[in-house]
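Anchor point for the sequence shown: position 168 equals 168 in the UniProt record's numbering, and the numbering is continuous, going up by one each time. For each residue, glycine too, the CB sits at the ideal point set by N, CA and C. None of the values given here were measured: they were computed from a predicted structure.
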Amino acid sequence: MVDLKKKKILVTGADGFIGSHLVEKLVSLGSEVTALAQYNSFNTWGWLDTVEDRIRKEVKVVTGDIREYDGVKRVVKGQDVVFHLAALIAIPYSYLSPMAYVRTNIEGTTNVLEACRDYDVGKIVHTSTSETYGTALYVPIDEKHPMQGQSPYSSSKIGADKMAESFYKSFDTPVATIRPFNTYGPRQSARAVIPTVISQILSGKKKIELGSLTPTRDFNYVKDTAEAFIKVAESDKTIGQVVNAGSNKEISIGDLVEKIIKISEKEVEIVYDEQRIRPEKSEVNRLLADNSRIKELTGWKPSYTLDQGLKETIEWIGENLNYFKSDIYNL
Numbered sequence: 001m002v003d004l005k006k007k008k009i010l011v012t013g014a015d016g017f018i019g020s021h022l023v024e025k026l027v028s029l030g031s032e033v034t035a036l037a038q039y040n041s042f043n044t045w046g047w048l049d050t051v052e053d054r055i056r057k058e059v060k061v062v063t064g065d066i067r068e069y070d071g072v073k074r075v076v077k078g079q080d081v082v083f084h085l086a087a088l089i090a091i092p093y094s095y096l097s098p099m100a101y102v103r104t105n106i107e108g109t110t111n112v113l114e115a116c117r118d119y120d121v122g123k124i125v126h127t128s129t130s131e132t133y134g135t136a137l138y139v140p141i142d143e144k145h146p147m148q149g150q151s152p153y154s155s156s157k158i159g160a161d162k163m164a165e166s167f168y169k170s171f172d173t174p175v176a177t178i179r180p181f182n183t184y185g186p187r188q189s190a191r192a193v194i195p196t197v198i199s200q201i202l203s204g205k206k207k208i209e210l211g212s213l214t215p216t217r218d219f220n221y222v223k224d225t226a227e228a229f230i231k232v233a234e235s236d237k238t239i240g241q242v243v244n245a246g247s248n249k250e251i252s253i254g255d256l257v258e259k260i261i262k263i264s265e266k267e268v269e270i271v272y273d274e275q276r277i278r279p280e281k282s283e284v285n286r287l288l289a290d291n292s293r294i295k296e297l298t299g300w301k302p303s304y305t306l307d308q309g310l311k312e313t314i315e316w317i318g319e320n321l322n323y324f325k326s327d328i329y330n331l
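This is the structure:
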């Protein structure tokens, strides 16, 4: 078992949704955290700007770009553990700019793996996604399920996963791949369905604009997902493995929206918005995780129910509605 306390740990994509929650968790464990945030001329650190001062003061924030190898190499040097979360993640935007996903998700991941190999990093946790499975060919989906590139985004993540696999098999790089199913919670952007629905409701809209309501998803609260990352990093058994992080439960988008409306205690109407509907062959119709491997290897299982997570998410969005542009479609 890897004890993360006092370990030097790098989190790429630390400025993002899951990354910022993971940074908070690592600091609470006593890790020495370096957070890689994407460089920008505004000198903003994404969601890290919103974490408590007592947490942020314990974090070394470095700005850079995983597409640039020399910069990646500098920040990886001296680290004991690397959590690689940096990626382009929005599926709709991948239809518009596929090459950006190749450069960030495949080439960027390769840069991280190469740097970790050069500096003999003790453990790398690479972030995959349930989207690599595409529409379920059988359920629940275990790690042996075929991968299907149903969008440029999912294809780029498949490529990144295979690079991680190749570094383990070719160079004995100690990499584990975590494959989170649909994570939600505070700080998630409105490109995802849950904050899209909640932000529209809380902004006073009487008609909620959505795409298809029939697909099913396996939703997981972000604090549970962050804990799964920790458990995968701590376990020696996960090296060379791909592990699903999911709840083993599914709900349709339609039923999910009805649940959010009920918790919010609002009266709204759902209307279709064509621009929010994926191309027919690109839509992933069903995702349901088999999480038996991660339970066996790490002991992890979700602690939040969907209702508990939604209530916390609604409360947070209500307090931070200014971050959301609910009147436009967020790619």
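### Message
If you measure between the beta carbons of F229 and V125, is that distance less than 7 Å?
### Response
Mapped onto the sequence shown, residue 229 falls at position 229. Mapped onto the sequence shown, residue 125 falls at position 125. Yes, the Cβ-Cβ distance between F229 and V125 is below 7 Å.
### Task
Report back the beta-carbon spacing between T196 and E250 to the nearest angstrom; my notes put them in contact at under 8 Å.
Taking the sequence shown and counting its residues from 1, one reaches residue 196 at position 196. Taking the sequence shown and counting its residues from 1, one reaches residue 250 at position 250. With a Cβ gap of about 19 Å, T196 and E250 do not count as contacting.
### Task
For the region 108–121 and the region 160–175, state whether three or more C-beta atom pairs, one from each stretch, are separated by less than 8 Å.
These segments touch.
### Message
Given this structure, state the Cα-to-Cα distance separating L85 from I263, to the nearest angstrom.
### Response
Looking up residue 85 in the sequence shown gives position 85. Looking up residue 263 in the sequence shown gives position 263. One Cα belongs to L85, the other to I263, and the distance between them is close to 31 Å.
#### Entry: Beta-carbon proximity list for L331, same chain, < 8 Å, skipping 5 on both sides
In the sequence shown, the residue the question calls residue 331 occupies position 331. Annotation note: pLDDT 45 at L331 (below 50); position unreliable, coordinate value reported separately. These residues qualify, in order along the chain: A90, P92, Y93, L96, R191.
### Message
Need the endpoints of the alpha helix (DSSP H) that R56 sits in, please.
### Response
Counting from one through the sequence shown, the residue named residue 56 turns up at place 56. 53–56 is the extent of the alpha helix (DSSP H) around R56.
### Query
Do the region 152–159 and the region 207–227 meet, that is, are 3 or more Cβ pairs less than 8 Å apart?
In the pairwise beta carbon analysis, the region 152–159 is classified as not touching the region 207–227: fewer than three pairs are separated by under 8 Å.
### Message
Does the region 66–83 come into contact with the region 128–146, if we say contact requires no fewer than three beta-carbon pairs (one atom in each stretch) closer than 8 Å?
### Response
Put simply, the region 66–83 does not touch the region 128–146. Fewer than three CB pairs are less than 8 Å apart.
### Task
Taking only the alpha-carbon atoms, compute the straight-line gap between E265 and E258 and give it to the nearest angstrom.
Translated into positions along the sequence shown, residue 265 becomes position 265. Translated into positions along the sequence shown, residue 258 becomes position 258. Linking E265 to E258 through their CA atoms gives a straight-line distance of about 10 Å.
### Contacts around E107, its chain only, beta-carbon distance under 8 Å, and the 5 residues preceding and following it disregarded
The residue given as residue 107 occupies position 107 in the sequence shown. Cβ within range, chain order: R67.
### Task
Please work out which residues of its chain come closer than 8 Å, Cβ to Cβ, to V271, disregarding the five sequence neighbours upstream and downstream, and give them in chain order.
In the sequence shown, counting from the first residue as 1, residue 271 sits at position 271. Within its own chain, the residues whose Cβ lies closer than 8 Å to the Cβ of V271, once the five positions on either side in sequence are excluded, are K207, I208, E209, L210, listed in chain order.
### Query
So E209 is in the beta strand (DSSP E); what residue range does that whole segment cover?
Here residue 209 refers to the residue found at position 209 when the sequence shown is read from its first residue. Per DSSP, E209 belongs to the beta strand (DSSP E) from 207–210.
### Query
What distance in whole Å lies between the Cβ atoms of T313 and P152, which are believed to be in contact at a cut-off of 8 Å?
If you number the sequence shown from 1, residue 152 lands on position 152. If you number the sequence shown from 1, residue 313 lands on position 313. Between T313 and P152 the Cβ distance is about 28 Å, and since that is not below 8 Å, they are no contact.
### Query
Looking at the unbroken alpha helix (DSSP H) that takes in G64, where does it start and where does it end?
Position 64 of the sequence shown, counted from the first residue, corresponds to residue 64. No alpha helix (DSSP H) contains G64, which is instead part of the beta strand (DSSP E) from 59–64.
### Task
Have a look at D3, V242, Y101, H21 and flag the residue whose alpha-carbon is nearest the alpha-carbon of D142.
Position 142 of the sequence shown, counted from the start, is the residue given in the question as residue 142. Looking at the Cα atoms, V242 is the closest of the given residues.
### Task
Below 8 Å on the Cβ atoms is my guess for residue 376 versus V72; work out the distance and round it to an integer in Å.
A query on residue 376 cannot be resolved here, the shown segment of the chain reaching from 1 to 331 and no further.
### Task
Return yes when the Cβ of L4 is within less than 7 Å of the Cβ of V11, no when it is not.
The residue you call residue 11 lines up with position 11 of the sequence shown. The residue you call residue 4 lines up with position 4 of the sequence shown. The answer is no: Cβ separation not under 7 Å.
### Query
Applying the criterion that 16 or more other CB atoms from any shown protein chain within 10 Å of the CB defines a buried residue, is F17 buried or exposed?
Here residue 17 is taken as the residue at index 17 of the sequence shown, counted from 1. Its Cβ being crowded by 16 or more others within 10 Å, F17 is buried.
### Query
Just reading off the beta strand (DSSP E) that T135 is part of, what are its end residues?
Taking the first residue of the sequence shown as 1, we reach residue 135 at position 135. It is not in any beta strand (DSSP E) - T135 carries neither H nor E in the DSSP assignment.
### Query
For F42, is the classification buried or exposed, using 16 other Cβ atoms within 10 angstroms of its Cβ as the cut-off for buried?
For the purposes of this step, residue 42 is identified with residue 42 of the sequence shown, where counting begins at 1. It is exposed - the Cβ of F42 has fewer than 16 other Cβ atoms within 10 Å.
### Task
Using a threshold of 7 Å, state whether the C-beta atoms of residue 369 and G254 are closer than that.
This structure cannot settle anything about residue 369, because the visible part of the chain is limited to 1 through 331.
### Query
Does the distance from the C-beta atom of P140 to that of L288 stay below 7 Å?
What you label residue 140 is simply residue 140 of the sequence shown in a count that begins at 1. What you label residue 288 is simply residue 288 of the sequence shown in a count that begins at 1. Their beta carbons are under 7 Å apart, which means P140 touches L288 by this criterion.
### With 16 other Cβ atoms within 10 Å as the buried cut-off, status of K7
Start at 1 with the first residue of the sequence shown, and residue 7 comes out as number 7. It counts as buried.
### Query
Do the CB positions of V51 and E24 come within less than 7 Å of each other?
Mapped onto the sequence shown, residue 51 falls at position 51. Mapped onto the sequence shown, residue 24 falls at position 24. Going by C-beta atoms, V51 is nearer than 7 Å to E24.
### Query
Once you ignore the five residues that flank D307 on each side, which residues in its own chain have a CB closer than 8 Å to its CB?
Reading the sequence shown from its first residue, position 307 is the one you call residue 307. Cβ contact annotation for D307 (same chain, cutoff 8 Å, sequence separation greater than five): K259, I263, in chain order.
### Query
DSSP state of N322, grouped into three classes?
Residue 322 sits at position 322 when you count from the first residue of the sequence shown. Residue state for N322 is assigned as helix, using DSSP reduced to three classes.
### Query
What separation, rounded to the nearest whole angstrom, lies between the Cα atoms of N40 and V27?
Numbered from its first residue, the sequence shown carries residue 40 at position 40. Numbered from its first residue, the sequence shown carries residue 27 at position 27. Distance between N40 and V27, taken at the CA atoms: about 25 Å.
### Task
Check each candidate in A176, T109, F324, G64 and name the one with the smallest Cα separation from I294.
Start at 1 with the first residue of the sequence shown, and residue 294 comes out as number 294. Check the Cα spacing between I294 and each of A176, T109, F324, G64: the tightest is with A176.
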